[in-house]
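Structure, as structure tokens:
Numbering (my numbering), first residue to last: 248 to 826.
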């Protein structure tokens, strides 16, 4: 046999080996998916034993992220469904339904027979039909070790007036996915993007589907023009006229074996129909170039629709990839996009008006009281003022300001004074986070949960904040953050019989967390504000608590930049909550 024949034989051998490996991986992936399906089916059989609706008052829900928070269309209530929690070793998935009463500032748990299976990273949309309907599509279920995923392609509706779940079975819908986006537009649910991940591969989508709320049928849209690249976790909002905007998102691609490269998208698109939003209408993509101040690149941000035809973006994280680790900068800022004006602008807190007036009156009184003495003072030269300001992401920034003299001080505008008041007032605000749950009701934004990271530890939140978007004066704390949280280091000795409990979560987890909190009573408690204690002294004392907690839980160096930054943000939040 010649060299050519040997090369051909060798090539065919390599192809056969690759084909065998592909089949082996495919069989393993299929088996893993079947295992997850069996686990989901077992959980559903447990849920099926519930035969009546039980509504009971309860404490605020346990920490979670990637759930959905929706405003009831007719009542002053918020509806929380699903989500996930990771304690370092196990992933907990939820399908619990909680209702937050805005007027009473209280939570209740509503157990309804035959709910959707446990999931996270799904999408929810509310429509006002027949007393209100909450629609749920897709999402994912993860194995307790977080290494296997099952992506849903089911569609559910919660009839709010009768408190009944119904699964809608219609063919021709999107494939299983999570991280997609869904909005109610006219009499349709529009779904865009998302991703699907298996043991061997992943895929990101940029397809668009519409579900007709009258005929209960799916249709795949085929818009003309150049649309967004495949992505998940983007911002999607619908205008009253029926146009849809897409901003940002995240995707990754494999550049070589076992090496993936992530992309933070910052582009923006408009999906528009020429007709009245019907199935037969023609849709078209066009690229937007908005004016104003755009959000900094990030993923894991949360979105909602705010008053005055504006779309809102909150928080998120920007991951910086280093040689052996990924460090994330988390955000707690707000950006608005005005759909009509095609313009971005940051949401800035103005501070309570009463406090501003008091400060201005105080400055005037001081100036009048020291009037004669000031006249006698000789002209002053340049003065350097050094301030420490805590930025939105918790970073302590040192700002140096050079003032020429009293004349220049008088020329400051009222807006500049308000700006200074806001910086020095140390206003309450949610700590930086990603994957939080948002809802807007009566022009008020509500932010629940989410997560941030310190080193290798993930801290999942269960706090609840609100802010009036009409006034933008101050954040209000409705449910405070719990500073104590279980975190287990990775272990290779996890037993399989523990997996069921870990994946199920729910009531068992809440009971165990209560027992843990009792056991932790003897541990060092979070410092409380002492009467008359200065802000700076309390910040210093509380930072040491958080650094000590981080070191004991994660073995981190107290000087590590990330720990100190988050410690300062946490200390600041607790000081404001206590005051």
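We treat Cβ as the ideally placed atom computed from N, Cα and C, and that holds for glycine. Fair warning: this is a prediction, and the values are worked out from it, not measured in the lab.
| Query | Result |
| --- | --- |
| Going straight from the alpha carbon of residue 490 to that of residue 472, what length do you get? | 15 Å |
| Between which two residues does the beta strand (DSSP E) carrying residue 389 extend? | 387–389 |
| With DSSP as the reference, label residue 285 as helix, strand or coil. | helix |
| Under 8 Å, with one C-beta from each stretch per pair, do the region 424–431 and the region 342–358 reach the 3-pair mark? | no |
| Please report the straight-line C-alpha distance between residue 201 and residue 677, rounded to a whole angstrom. | With the chain represented from 248 up to 826, any question about residue 201 goes unanswered, as that position is not in the structure. |
| The beta strand (DSSP E) spanning residue 467 covers which residue range? | 464–467 |
| I want to know whether the region 477–492 touches the region 434–451 - three or more CB-CB distances under 8 Å. | yes |
| When you compare the region 367–377 with the region 311–323, are there three or more beta-carbon pairs, one atom per stretch, that lie closer than 8 Å? | yes |
| If the criterion is Cβ atoms closer than 7 Å, does the pair residue 297 and residue 358 meet it? | yes |
| Out of 415, 585 and 447, state which residue places its alpha-carbon closest to the alpha-carbon of residue 504. | 447 |
| Look up residue 566 in the DSSP assignment and give the residues it is bridged to. | 575 |
| Would you grab the beta carbon distance between residue 474 and residue 532 for me? Rounded to a whole angstrom, and I think it's under 8 Å. | 4 Å |
| Cβ atoms of residue 361 and residue 403: under 7 Å apart, would you say? | no |
| Judging by CA-CA distance, which residue of 576, 723, 528 and 459 is the nearest neighbour of residue 547? | 576 |
| What do you reckon, are the CB atoms on residue 381 and residue 553 nearer than 7 Å? | no |
| With 16 other CB atoms within 10 Å as the buried threshold, where does residue 331 fall? | buried |
| I'd like the list of long-range same chain contacts for residue 407, defined as Cβ closer than 7 Å, with 5 residues on each side in sequence excluded. | 319, 378, 379, 380 and 381 |
| Considering only their Cβ atoms, is the gap separating residue 697 from residue 708 smaller than 7 Å? | yes |
| Would you identify the three-state DSSP class for residue 789, choosing helix, strand or coil? | helix |
| Rounding to the nearest angstrom, what Cα-Cα distance links residue 449 and residue 537 in this structure? | 32 Å |
| In terms of alpha-carbon separation, which member of 692, 542 and 556 lies closest to residue 487? | 556 |
| When DSSP builds the beta bridges, which residues end up paired with residue 545? | Its beta-bridge partners do not exist; DSSP assigns none. |
| Is it the case that the Cβ atoms of residue 675 and residue 734 are separated by a distance below 7 Å? | no |
| Could you name the residues of the same chain whose beta carbon sits closer than 8 Å to that of residue 376, not counting the 5 residues immediately before and after it, in chain order? | 460 |
| Within its chain, find whatever has a CB closer than 6 Å to the CB of residue 396; leave out the 5 residues flanking it on each side and keep chain order. | 387, 389 and 444 |
| Helix, strand or coil for residue 633? Go by DSSP, reduced to three states. | Confidence at residue 633 is low in this model, with a pLDDT of 42, below 50, so its placement is unreliable and the value that follows should be read with caution. Here residue 633 sits in strand by DSSP. |
| Is the Cβ-Cβ distance between residue 591 and residue 539 less than 7 Å? | yes |
| Run through DSSP, which three-state label would residue 241 get? | An answer regarding residue 241 cannot be provided, because it is not within the stretch 248 to 826 covered by the chain. |
| Less than 7 Å between the beta carbons of residue 477 and residue 452, yes or no? | yes |
| Looking at the structure shown, is residue 377 part of a helix, part of a strand, or coil, going by DSSP? | helix |
| Taking only beta-carbon positions, decide if residue 322 is within less than 7 Å of chain D. | You won't find chain D in this structure, because it holds only one protein chain. |
| My assumption, with CB atoms under 8 Å, is that residue 544 sits in contact with residue 565. Please give the rounded CB distance. | 6 Å |
| Which residue's Cα is closest to the Cα of residue 366: 312, 727 and 502? | 312 |
| Is it buried or exposed, residue 333, if we count other Cβ atoms within 10 angstroms and call 16 or more buried? | buried |
| Who are the Cβ neighbours of residue 463 in its own chain at under 7 Å, not counting the five residues just before and after it? | 415 and 417 |
| Does the Cβ-Cβ distance between residue 680 and residue 562 come in under 7 Å? | yes |
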